[in-house]
Amino acid sequence: MHSVRGYLADFISLIFPQLCVACQESLIANEELLCTNCLYNLPFTNFHLNANNIVASQFWGKVPVKAAYALYYFTKGGKVQNMMHQFKYNGMQQIGNLLGTIAGKQLNQNLIFKSADVIIPVPLHKKRLWKRGFNQSACFADGLAQKLNATVEIDNLVRVVATKTQTHKSRFARFENMKQVFEVSRPDWLINKHVLLVDDIVTTGSTLEACATELLKVPGLTLSIATIAYAE
Ligand SMILES: [Zn+2]
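Read in order, the letters of the sequence shown are residues 136 to 367 in my numbering.
Pasting the structure below:
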């Protein structure tokens with residue numbers, strides 16, 4: 136039996152149909168954000184089932200990572216790109232949460248990811264955070280935490296930009312000086328912890344590598360990595 140509220144919701148959706156954030160088809164009753172087809176058929180990597188995956192290989196010989204994962208393959212003009220655009224530029228933070236819960240269910244099947252204690256999102260520039268209003272990796276982290284037995288720490292890893300005077304430096308030195316640097320503000324909270332470092336899209340892995348290098352200075356810390364998508 137339909138309630139009055141149910142009829143009203145159906146009526147409103149006739150006039151303003153909610154669209155799937157990935158394929159833009161109209162959503163039907165009980166579908167939220169993603170249509171059923173996209174929910175099950177977006178290009179999953181299944182990297183949680185394959186330790187020697189392409190994301191993990193980005194860090195070999197650079198930083199010791201226990202396990203690395205991406206939920207989807209990202210292709211130009213594809214559904215995952217549509218969805219990431221809605222998420223990052225149309226302010227749909229709930230997409231990040233949903234993807235975190237989808238990834239969290241998969242990671243729960245993997246003993247390494249399952250043992251993570253703390254989830255840390257890659258921090259955004261203060262300027263960009265102010266502009267966008269939210270950190271997309273933190274939304275993903277919140278969704279993950281709903282499925283994994285781990286807590287999210289958003290303020291421990293911070294992005295600091297060197298502000299020394301640039302005038303008398305060579306071009307290369309300026310470039311080096313301008314490089315974004317990450318810092319751990321409370322290393323004592325992370326001693327002997329298994330940290331799951333998360334980001335939205337991984338390509339070359341250089342940002343994640345810079346974060347990992349800082350985090351791994353903490354005594355006894357071990358590290359795994361999870362992202363929403365992998366883009367070649
Ligand atoms: Zn869809």
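Idealized CB from N, CA, C, for every residue including glycine. Note that the structure is predicted; figures quoted are calculated from it, not measured.
Secondary structure at phenylalanine 179: strand, using DSSP grouped into helix, strand and coil. Out of Ala347, Tyr365, Glu367, the CA that lies nearest to the CA of leucine 358 is found in Ala347. Secondary structure note for leucine 358: its beta strand (DSSP E) is the uninterrupted segment 357-366. Distance from the CA of valine 257 to the CA of asparagine 217, rounded to the nearest whole angstrom, comes to 22 Å.
In the displayed model, valine 295 falls within a strand according to three-state DSSP. A residue is called buried once 16 or more other Cβ atoms fall within 10 Å of its Cβ, and aspartate 290, having fewer, is exposed.
Between cysteine 274 and leucine 143, the alpha-carbon positions lie close to 30 Å from each other. Counted as a single uninterrupted DSSP element, the beta strand (DSSP E) harbouring valine 333 occupies residues 329-337. For asparagine 172, the CB falls within less than 7 Å of some heavy atom of ligand 1.
The secondary-structure analysis by DSSP pairs alanine 205 across a beta bridge with Thr362.
Exclusion of glutamate 318 from the 7 Å shell around ligand 1 follows from its C-beta lying no nearer than that to any non-hydrogen atom of the ligand.
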